[in-house]
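Protein chains in written order, with my numbering: chain H, 1 to 362; chain A, 1001 to 1362. Take a look at the structure set out below.
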């Protein structure tokens, strides 16, 4: 079976299907983030109801705790977390390089301190492939070298070139036929380096290509320019994954540029801070204006939360610090994102997709 | 329709039906605590699945935040929190008298500081009835004077006598025919005062009688003696509610003494600390022995959590501070309690009820 097929397009936007070992995913699609094998406050049954086909976990974090061994004993990550649909894992390049973990970065890999054991360990592209293979997930991601936003050109260039060499090592080490492997482009918001990275990563022959190292604090304009530059080079027939972007507006704009796949903590994290996505505008449920508001979060939303609760009730939960506020807002936000992406897929298929059509009130 | 009917008994234990404006509840029954109109971490749909027929909220807390007005605008507490089955509210006697709120206790009522507004206000038996009537719940509780555990006999006697006078004022002020009103006996673990309170409260003519002021730190032996003393006096034909007791063992023992109704935070609070009820013994999921345990929390449990997740998975969530650990343990614990109480009802009905039959491994 073809791993990825494009059904139709409208301008650069396209809709199609990604076939994984755990089912077909209609593209473009959004993955809620389940870093430690759980989306915060929501059960997998609840996530299923939001019309989610795929989640993403963090293989680096999971390899430290609970460790690959116990997950393997369950028969893989799907069974460990009781999720029957598709799963990606991130390599953890972003985390392992953070100040929290990273002791030393070398060509061989990242020496990091495991905060649970206190031991320093070497994390290499080959190790990342070994872990992701053992987890039995559907799509593995390469280990990349992610420069922080605002890095010097020298650092970004170093990261781009190391990311390419590590990507080749991942590609060579990966030998799990049930699992796809996606490469990741870097380059910050430097046009020349974005171009170089997209060319080098595209040449290796991955099942899909991710645009990484964005949505980490750089200017939005620079982000979109970098996405555009990358997508011009990444082969059309490959699924294109924009990492870390999860606001509705930015996802729709990225879809117009030809992105097929997203992941982000944003819908659930912003929910825990009281924010809800709606078709009119994003709202802050903490605001006193909702104290007596008997209407649901979004008047047109068919989700369980909007069918069950008023803004006044969720305002009350948020003001009295009940975790259910974050739970209900997170459920609604994921549902809202999935519903918006379904609208995009339909509009692309019937040739009516435009950014303004989808973002009616934005 | 008869408000309460007893179907059958075995010794002092009995099973029957409490008929509320929102449905029939088979007794003995357990109410999860939804103080602020929400059980922590669990949605009402999840609570429904645990075979829960009734929850209890706190009318005093809710009257401060979000306030009665907004709840009335929704058409009452049921609609505000989207719960279609029965609801009790506690008067908040226990809370209003705590150091956190209470400024002065007098015959008229409790002067308390509203922590949300900073204002001092007088809370009286009549005010409590007015609030509980406005909330539109099924069973209201009298405002009682609850002495802390270890109080002097003088203080317990004062509390007993004031509780009786306040109970009479509640009874006189209450005029909501769709709503039942339960009186509450006090008396600490003083036999003479327990007897006096049970006699005085029973004489007033409430729809049901609660045994209050227990499970607040007194010796367990004293608690059971106090329950026994109270139940000897409370008329057999009235539903008897033991407030604040929520461990499986203690509920089953209290059922053997003739208790019909329970509420407690214990199953959900202990869950957030990693404890799970099982038919063999209560377990602490934090324990390292569960790191590789592929079995469910309880081998015979039919709940969603036991059908979906291993102890190793929940151990992982707990160790990595994911709120879903408390959510899943709380769900299981409530389900486990409801299942145990269903076993009690069956065993009472078929004449085989004994404490040891129910607590096979305890």
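Heads up, the beta-carbon is just placed ideally off N, CA and C, and yes, glycines get one too.
Simplified DSSP state of residue i, which is helix, strand or coil
i: residue 241 of chain H; result: strand
i: residue 1349 of chain A; result: helix
i: residue 1103 of chain A; result: strand
i: residue 10 of chain H; result: strand
i: residue 1214 of chain A; result: coil
i: residue 1322 of chain A; result: coil
i: residue 77 of chain H; result: helix
i: residue 1234 of chain A; result: coil
i: residue 1221 of chain A; result: helix
i: residue 197 of chain H; result: helix
i: residue 1037 of chain A; result: coil
i: residue 189 of chain H; result: coil
i: residue 1176 of chain A; result: coil
i: residue 1202 of chain A; result: helix
i: residue 357 of chain H; result: helix
i: residue 82 of chain H; result: coil
i: residue 67 of chain H; result: coil
i: residue 1092 of chain A; result: coil
i: residue 50 of chain H; result: coil
i: residue 72 of chain H; result: helix
i: residue 1097 of chain A; result: coil
i: residue 1062 of chain A; result: helix
i: residue 1329 of chain A; result: helix
i: residue 42 of chain H; result: coil
Status (buried if at least 16 other CB within 10 Å, exposed otherwise) for residue i
i: residue 405 of chain H; result: The requested residue 405 of chain H does not occur in the structure, where chain H is confined to residues 1 to 362.
i: residue 268 of chain H; result: buried
i: residue 370 of chain H; result: Given a span of 1 to 362 for chain H in the structure shown, any question on residue 370 of chain H remains unanswerable.
i: residue 1288 of chain A; result: exposed
i: residue 122 of chain H; result: exposed
i: residue 59 of chain H; result: buried
i: residue 350 of chain H; result: exposed
i: residue 196 of chain H; result: buried
i: residue 1066 of chain A; result: buried
i: residue 1339 of chain A; result: buried
i: residue 315 of chain H; result: buried
i: residue 963 of chain A; result: No answer is possible for residue 963 of chain A: the residues shown for chain A start at 1001 and end at 1362.
i: residue 1220 of chain A; result: exposed
i: residue 132 of chain H; result: buried
i: residue 78 of chain H; result: buried
i: residue 1273 of chain A; result: exposed
i: residue 46 of chain H; result: buried
i: residue 103 of chain H; result: exposed
i: residue 310 of chain H; result: buried
i: residue 179 of chain H; result: buried
Identity of the residues DSSP links to residue i by a beta bridge
i: residue 404 of chain H; result: Shown here, chain H extends from 1 to 362; a query on residue 404 of chain H therefore has no answer.
i: residue 1023 of chain A; result: A:1020
i: residue 1087 of chain A; result: A:1055
i: residue 182 of chain H; result: H:141 and H:208
i: residue 1170 of chain A; result: According to DSSP, residue 1170 of chain A bridges with nothing at all.
i: residue 31 of chain H; result: H:263
Exercise. Is it a yes or a no for the region 1065 to 1073 of chain A touching the region 1042 to 1052 of chain A, going by three-plus beta-carbon pairs under 8 Å?
Worked result: By the criterion of at least three beta-carbon pairs nearer than 8 Å, the region 1065 to 1073 of chain A is not in contact with the region 1042 to 1052 of chain A.
For this session: Report the residue ranges of all alpha helix (DSSP H) runs contained in full by the region 236 to 316 of chain H; include only those spanning at least 4 residues, in chain order.
Result: For the region 236 to 316 of chain H, whole alpha helix (DSSP H) runs of length 4 or above, ordered along the chain, are 248 to 256, 266 to 272 and 304 to 308.
Exercise. Can you give, in chain order, each stretch of the alpha helix (DSSP H) that sits fully within the region 105 to 164 of chain H and has at least 4 residues?
Worked result: Here the runs fully enclosed are 125 to 135.
Exercise. Does the count of Cβ pairs from the region 316 to 336 of chain H and the region 1087 to 1098 of chain A closer than 8 Å reach three?
Worked result: The region 1087 to 1098 of chain A and the region 316 to 336 of chain H do not touch, with fewer than three beta-carbon pairs separated by less than 8 Å.
Exercise. With a cut-off of 8 Å, do at least 3 Cβ pairs link the region 198 to 208 of chain H to the region 170 to 186 of chain H?
Worked result: Result yes; three or more Cβ-Cβ pairs closer than 8 Å.
Problem set entry | Three or more C-beta pairs below 8 Å linking the region 1131 to 1139 of chain A and the region 1150 to 1164 of chain A | Short answer: they don't touch.
Exercise. Would you say the region 330 to 347 of chain H touches the region 225 to 240 of chain H, given that touching needs at least three Cβ pairs under 8 Å?
Worked result: Taking a contact to require three or more Cβ pairs closer than 8 Å, the region 330 to 347 of chain H and the region 225 to 240 of chain H do not qualify as touching.
Exercise. Does the count of Cβ pairs from the region 15 to 32 of chain H and the region 243 to 259 of chain H closer than 8 Å reach three?
Worked result: Enough Cβ pairs lie closer than 8 Å, so yes.
Exercise. Does the count of Cβ pairs from the region 268 to 278 of chain H and the region 1005 to 1021 of chain A closer than 8 Å reach three?
Worked result: Touching, no, given that fewer than three Cβ pairs across the two stretches are closer than 8 Å.
Exercise. Are the region 1255 to 1273 of chain A and the region 1185 to 1193 of chain A in contact at 8 Å, needing three or more beta carbon pairs?
Worked result: Between the region 1255 to 1273 of chain A and the region 1185 to 1193 of chain A, the count of C-beta pairs closer than 8 Å stays below three; the two stretches do not touch.
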